[in-house]
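*Asks:* First the structure, which I've put down as structure tokens, then a few questions once you've had a look.
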Amino acid sequence: MAEPTTSGRPFDAEALPHLDALYRVALRLTGDPTQAEDLVQDTMLKAYRAWRQYRPGTNAKGWLLTILRNTFINDYRRRKLEPVATDLEAIEPHAIYRAVEDVDPEGAFFSKIVDEKVLEAIDALPPDFREVLVLSDMEGLRYGEIAEALKVPVGTVKSRLFRARRLLQASLYQYAVETGIIPPREAPHE
Amino acid sequence: MSDSLDCREAIARLQDYLKQELTPELAGELRAHLEHCRPCHGYARFEQSFLEMLEARAGHCGCPDELRARVLRELRIEMERG
Numbered sequence: 001m002a003e004p005t006t007s008g009r010p011f012d013a014e015a016l017p018h019l020d021a022l023y024r025v026a027l028r029l030t031g032d033p034t035q036a037e038d039l040v041q042d043t044m045l046k047a048y049r050a051w052r053q054y055r056p057g058t059n060a061k062g063w064l065l066t067i068l069r070n071t072f073i074n075d076y077r078r079r080k081l082e083p084v085a086t087d088l089e090a091i092e093p094h095a096i097y098r099a100v101e102d103v104d105p106e107g108a109f110f111s112k113i114v115d116e117k118v119l120e121a122i123d124a125l126p127p128d129f130r131e132v133l134v135l136s137d138m139e140g141l142r143y144g145e146i147a148e149a150l151k152v153p154v155g156t157v158k159s160r161l162f163r164a165r166r167l168l169q170a171s172l173y174q175y176a177v178e179t180g181i182i183p184p185r186e187a188p189h190e
Numbered sequence: 191m192s193d194s195l196d197c198r199e200a201i202a203r204l205q206d207y208l209k210q211e212l213t214p215e216l217a218g219e220l221r222a223h224l225e226h227c228r229p230c231h232g233y234a235r236f237e238q239s240f241l242e243m244l245e246a247r248a249g250h251c252g253c254p255d256e257l258r259a260r261v262l263r264e265l266r267i268e269m270e271r272g
């Protein structure tokens, strides 16, 4: 492909390796494969046009995901009321660990749940929590990169991530109990 | 290294530790705590396995070939436009 820019490596060499990540995040943000494809294409074209603004040596994946996320917010996100905040303060950090520590202390049940169910549970998270979890724990962006992409303080990224994980663990635990992957926690009386 | 963290502090910092976002000094303190404290060690392993599971799921899904081809096509058109 032609060499489109002046800023170090050509666009295609830096950007194309991240198509998988862009598509994965687009899928989680839109919840729809067709929209996800359009979002990825729009993102790549915008990124190509803005390539001169990319600072060589910084994380190209983070830069591309920022463009993808902004494009999603501006052009794709359907206007809807944010879901009512769950009472997350009540969730203890170890809540799920405590529930499984006798039967599955290493959390092996997580790996026994099929991809489809894990992704469904992620998609069911409140959007603000979902995007942080996807960017951090699935795509490996650092707190600072996520904060920059979302234009929120690092502390906000951390607290959303903490809550996202608690919610997701609780939801996967519930699924694992319902499907018999792990036995339910014994009731205190018989 | 002496154990300078209590369990409450260790748990509060565990998320940052597992994401390698602590300073080397704090990471060292937390590591020392985890080596000595069985309950915290067990909890840290559990969290680690949760994170590894999420990372692995990401690897199972990638950009469809059709979309890749479409993006390349669109980029080429854009480049020819100049």
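Chains A and B are the protein sequences, given in the same order. Sequential numbering from 1 applies to the first sequence in our numbering. Sequential numbering from 191 applies to the second sequence in our numbering. Ideal placement from N, C-alpha and C gives every residue a C-beta, glycine not left out. Only a predicted model underlies this, so the values are computations on that prediction, with no experimental measurement involved.
1. Quick check on this structure: which residue in B:ALA200, B:MET269, B:ASP255 and B:SER194 has the alpha carbon closest to the alpha carbon of TYR48 (chain A)?
2. Rounded to the nearest angstrom, what separates ARG271 (chain B) and LEU265 (chain B) at their Cα positions?
3. By the 8 Å beta-carbon criterion, what residues does the region 124-152 of chain A contribute toward chain B?
4. Taking DSSP as the reference, what is the three-state secondary structure of LEU119 (chain A)?
5. Secondary structure at ASP56 (chain A), three-state DSSP: helix, strand or coil?
6. Check each candidate in A:ALA170, A:ASP137 and A:PHE129 and name the one with the smallest Cα separation from LEU150 (chain A).
7. Can you determine whether any heavy atom of the ligand HEM sits closer than 7 Å to the C-beta of ALA259 (chain B), and answer yes or no?
8. Suppose the cutoff is 8 Å on Cβ atoms and the five residues either side in sequence are ignored; what does the same chain contact list for LEU220 (chain B) look like?
9. Grab the span of the alpha helix (DSSP H) containing HIS18 (chain A) for me, first residue to last.
10. In terms of alpha-carbon separation, which member of A:GLN35, A:TRP63 and A:ARG166 lies closest to GLU14 (chain A)?
11. I'd like the list of long-range same chain contacts for LEU81 (chain A), defined as Cβ closer than 8 Å, with 5 residues on each side in sequence excluded.
12. Compare the C-alpha of ALA36 (chain A) against each of A:ARG9, A:ARG55, A:PHE11 and A:ARG69 and name the closest.
13. So that I know if they touch, is there some Cβ in chain A lying closer than 8 Å to that of ALA248 (chain B)?
14. So is LYS61 (chain A) buried or exposed if we call it buried at 16+ other beta carbons inside 10 Å?
15. Work out the CA separation of VAL114 (chain A) and ALA50 (chain A) for me, nearest whole Å.
16. Give the secondary structure of LYS151 (chain A) by DSSP, where H, G and I count as helix, E and B as strand, and everything else as coil.
17. Can you grab the Cα-Cα spacing for the pair TRP25 (chain A) / LEU65 (chain A), in whole Å?
18. Only counting the same chain, and skipping five residues up and downstream in sequence, which positions put a Cβ closer than 7 Å to that of LYS117 (chain A)?
19. Using beta carbons (cut-off 8 Å, strictly below), is SER239 (chain B) in contact with chain A?
20. Quick one: is VAL103 (chain A) buried, meaning 16 or more other Cβ sit within 10 Å of its Cβ, or exposed?
21. Considering only residues of the same chain and omitting the five flanking positions on each side of ARG185 (chain A), which have a CB-CB separation below 6 Å?
*Replies:* Judging by the given coordinates:
1. For the purposes of this step, residue 48 (chain A) is taken as the residue at position 48 of the first sequence. The candidate whose alpha carbon is nearest that of TYR48 (chain A) is B:MET269.
2. The residue you call residue 271 (chain B) lines up with position 81 of the second sequence. The residue you call residue 265 (chain B) lines up with position 75 of the second sequence. If I take the Cα positions, the gap works out to 10 Å.
3. Within the region 124-152 of chain A, contact with chain B at the beta-carbon level (separation under 8 Å) is assigned to LEU133, SER136, ASP137, MET138, GLU139, GLY140, ARG142 and TYR143.
4. Reading the first sequence from its first residue, position 119 is the one you call residue 119 (chain A). DSSP, read as helix, strand or coil, puts LEU119 (chain A) in helix.
5. As a working mapping, residue 56 (chain A) is identified with position 56 in the first sequence. For the sequence presented, residue 56 (chain A) should be read as Pro rather than Asp. PRO56 (chain A): coil per DSSP, three-state reduction.
6. On the first sequence, position 150 is the one that residue 150 (chain A) refers to. Residue A:PHE129 is the option with its Cα nearest to LEU150 (chain A).
7. As far as ligands go, the structure on display features none, and thus does not contain the ligand HEM.
8. Taking the second sequence and counting its residues from 1, one reaches residue 220 (chain B) at position 30. Closer than 8 Å at the Cβ level, and outside the excluded window around LEU220 (chain B), lie LEU195, ALA200, ARG203, LEU204, TYR207 and LEU212.
9. Against the first sequence, residue 18 (chain A) aligns to sequence position 18. In the DSSP assignment, HIS18 (chain A) falls outside any alpha helix (DSSP H), carrying neither H nor E.
10. Here residue 14 (chain A) is taken as the residue at index 14 of the first sequence, counted from 1. Each of A:GLN35, A:TRP63 and A:ARG166 was checked against the Cα of GLU14 (chain A), and the nearest Cα belongs to A:TRP63.
11. In the first sequence, residue 81 (chain A) corresponds to position 81, counting from 1. With a pLDDT of only 47 at LEU81 (chain A), under the threshold of 50, the placement of this residue in the model should not be trusted, and no figure is reported.
12. Residue numbering aside, residue 36 (chain A) sits at position 36 when the first sequence is read from its first letter. Of A:ARG9, A:ARG55, A:PHE11 and A:ARG69, the residue nearest in Cα terms is A:ARG69.
13. Within the second sequence, residue 248 (chain B) is the residue found at index 58, counting from 1. True, the Cβ-Cβ gap to chain A drops below 8 Å.
14. Counted from its first residue, the first sequence places residue 61 (chain A) at position 61. By the neighbour-count criterion, in which a residue is buried when 16 or more other Cβ atoms sit within 10 angstroms of its Cβ, LYS61 (chain A) is buried.
15. Counting from 1 along the first sequence, the entry for residue 50 (chain A) is found at position 50. Counting from 1 along the first sequence, the entry for residue 114 (chain A) is found at position 114. One C-alpha to the other measures close to 39 Å.
16. In the first sequence, the residue the question calls residue 151 (chain A) occupies position 151. The answer is coil: DSSP assigns LYS151 (chain A) none of H, G, I, E or B.
17. If you number the first sequence from 1, residue 25 (chain A) lands on position 25. If you number the first sequence from 1, residue 65 (chain A) lands on position 65. Note that residue 25 (chain A) is Val in the sequence shown, not Trp. Rounded to the nearest angstrom, the two C-alpha atoms are 8 Å apart.
18. Taking the first residue of the first sequence as 1, we reach residue 117 (chain A) at position 117. For LYS117 (chain A), where only same-chain residues beyond five positions count, the Cβ hits under 7 Å are TYR175.
19. The residue you call residue 239 (chain B) lines up with position 49 of the second sequence. Yes, because at least one Cβ of chain A sits closer than 8 Å to the Cβ of SER239 (chain B).
20. The residue you call residue 103 (chain A) lines up with position 103 of the first sequence. Exposed.
21. For the purposes of this step, residue 185 (chain A) is taken as residue 185 along the first sequence, with counting starting at 1. Non-local beta-carbon contacts of ARG185 (chain A) in its own chain, meaning distances under 6 Å to residues more than five positions away in sequence, involve ALA99 in chain order.
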